[in-house]
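For the sequence shown, my numbering assigns the number 20 to the initial residue and increments by one for each residue that follows.
No residue lacks a Cβ here, since even glycine has one placed at the ideal position from N, Cα and C.
Taking it in order: structure first as structure tokens, then the write-up.
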Amino acid sequence: MPIAADFASHYGPVALVTGASSGIGREFARQLATAGLDLVLVARRQALIETLAKELAKEHGVEVTTLPLDLGCRDFLDMLLPACEGRDIGLVVSNAGLGAKGLLDETPLETLEAVLAVNCRAPMLVAHAFLPLLRRRGRGGIVITGSIEAYTPAPWSVAYSASKAFVRALGEGLWGEVRGSGVDVLVLAPGATDTEMITNSGMDVRDMPTGAMTPADVARQGLERLGGGPSHIAGVANFLLVSLLSLLPRRLALLAAGRGMRDAIEKGRRRSEEG
Ligand SMILES: NC(=O)c1ccc[n+]([C@@H]2O[C@H](COP(=O)([O-])OP(=O)(O)OC[C@H]3O[C@@H](n4cnc5c(N)ncnc54)[C@H](OP(=O)(O)O)[C@@H]3O)[C@@H](O)[C@H]2O)c1
20 MPIAADFASH YGPVALVTGA SSGIGREFAR QLATAGLDLV LVARRQALIE
70 TLAKELAKEH GVEVTTLPLD LGCRDFLDML LPACEGRDIG LVVSNAGLGA
120 KGLLDETPLE TLEAVLAVNC RAPMLVAHAF LPLLRRRGRG GIVITGSIEA
170 YTPAPWSVAY SASKAFVRAL GEGLWGEVRG SGVDVLVLAP GATDTEMITN
220 SGMDVRDMPT GAMTPADVAR QGLERLGGGP SHIAGVANFL LVSLLSLLPR
270 RLALLAAGRG MRDAIEKGRR RSEEG
């Protein structure tokens, strides 16, 4: 289903998408270009965002700017803001993120630092930078990609779960702060989605207890739900899983979430050992 016909007039003319080189972010970019928005695409892998930019410009006649950037750098705003200067950005999609599966105490410190910087610090600073501009325009939006792990943290994915709990609080709180200003904020909470994040974590989508959604479906739900409330859990199966876990006593919910995570990690490890 395409996003609303008046989407571009409310959230255009330009959208900033972080984490646009793959997965859900690439699908955000594709769907926004299809809706007629010009784009600023951010990720570290320059070749991937440049190829995507050329494809979208050719197919949809939109203007696409690329910015190869590590959002984990302390001074990333010093590069991001000049690249957006003079562009009338109406939509900010803070989607870049990374996972960290396994026991917290066996996870390298630099991975934990990167999770905090990219998943938490970057969307907060991006919101801080762009909200005044969006408020002045009196229309626009911010989508932040969270996770269902924000609702019940998963043991064996503790740093990631905690980072997404931060994202949930950040986005839902901002939703309340901007109400009535013409600016919409949405936290999009996907469950397992068939992207590099799963494979980079050593897991396999076939081992996900609720199956895996396509990144296109997840991005579409985010764009459709923007303006409809503070957050959206992508997919009925994920909504049911979150609801079920919320009904359980907390200790049981944590044990169930941890069991599911550890099983998926172990199955992934066995699959890669078997080749
Ligand atoms: N896949 C899932 O099962 C799932 C579930 C729930 C939530 N999510 C969330 O969905 C979002 C998108 O992830 P995905 O599933 O689409 O995975 P993905 O394909 O691995 O995409 C992650 C994106 O983030 C970018 N990124 C990572 N570190 C970055 C950094 N330091 N600086 C700039 N960009 C960086 C990556 O680009 P470069 O590598 O080119 O920099 C890539 O474009 C993330 O926030 C993730 O937490 C995913």
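Exercise for the section: Could you tell me which residues DSSP puts in a beta bridge with T53? Expected result: T53 is not bridged to any residue.
Problem - Identity of the residue in L150, L273 and R156 nearest T171 by Cα - result: L273
Exercise for the section: Use the C-beta contact count for E104: other C-beta atoms within 10 angstroms, 16 or more gives buried, fewer gives exposed. Expected result: exposed
Practice task
Quick one: residues in its chain with C-beta nearer than 6 Å to the C-beta of M20, no 5 flanking neighbours on either side, listed in chain order?
Solution key: Bear in mind that the predicted position of M20 carries a pLDDT of just 49, short of 50, making it too unreliable to give a figure here.
Problem - Limits of the beta strand (DSSP E) - the one that T84 falls within - result: V83 to P87
Handout entry: Contact the segment 78 to 97 vs the segment 53 to 69: 3+ CB pairs below 8 Å
Key = yes
Handout entry: DSSP state of M222 mapped onto helix, strand, coil
Key = coil
Exercise for the section: Give a single yes or no on whether A183 has its beta carbon closer than 8 Å to a heavy atom of ligand 1. Expected result: Going by the sequence as given, residue 183 is Lys instead of Ala. Within the cutoff, so yes.
Exercise for the section: Check whether the Cβ of T171 sits closer than 8 Å to any heavy atom of ligand 1, and report yes or no. Expected result: No - ligand 1 has no heavy atom lying nearer than 8 Å to the Cβ of T171.
Practice task
Rank L58, E46, G80 and A235 by C-alpha distance to the C-alpha of Y30 and give the top, closest one.
Solution key: L58
Practice task
Kindly examine ligand 1 and report whether one of its heavy atoms sits closer than 8 Å to the Cβ of R49.
Solution key: no
Problem - Identified DSSP bridge partners for V112 - result: Bridge partners of V112 according to DSSP: V36 and V162.
Problem - Any non-hydrogen atom of ligand 1 within 8 Å of P228 CB - result: no
Problem - Spatial distance of R244 from H251 (CA atoms) - result: 7 Å
Problem - Validate contact between the segment 106 to 119 and the segment 138 to 157 using beta carbons, cut 8 Å, 3 pairs - result: yes
Exercise for the section: Examine ligand 1 and report whether any of its heavy atoms sits within less than 8 Å of the Cβ of V61. Expected result: yes
Problem - Own chain partners of G160 with C-beta closer than 6 Å, once the 5 adjacent residues on each side are dropped - result: Y30, L110, D203 and L245
Practice task
Count the other C-beta atoms from every protein chain shown that fall within 10 angstroms of the C-beta of L189, then say buried if there are 16 or more, exposed otherwise.
Solution key: It is buried - the Cβ of L189 has at least 16 other Cβ atoms within 10 Å.
Handout entry: Rounded straight-line distance, which links the Cα of T53 to that of K73
Key = Looking at the two C-alpha atoms, the distance is approximately 14 Å.
Handout entry: Inter-residue CB distance, V137 and L96 (contact presumed, cutoff 8 Å)
Key = With a Cβ gap of about 14 Å, V137 and L96 do not count as contacting.
Problem - Through-space distance from L35 to T212, alpha-carbon basis - result: 22 Å
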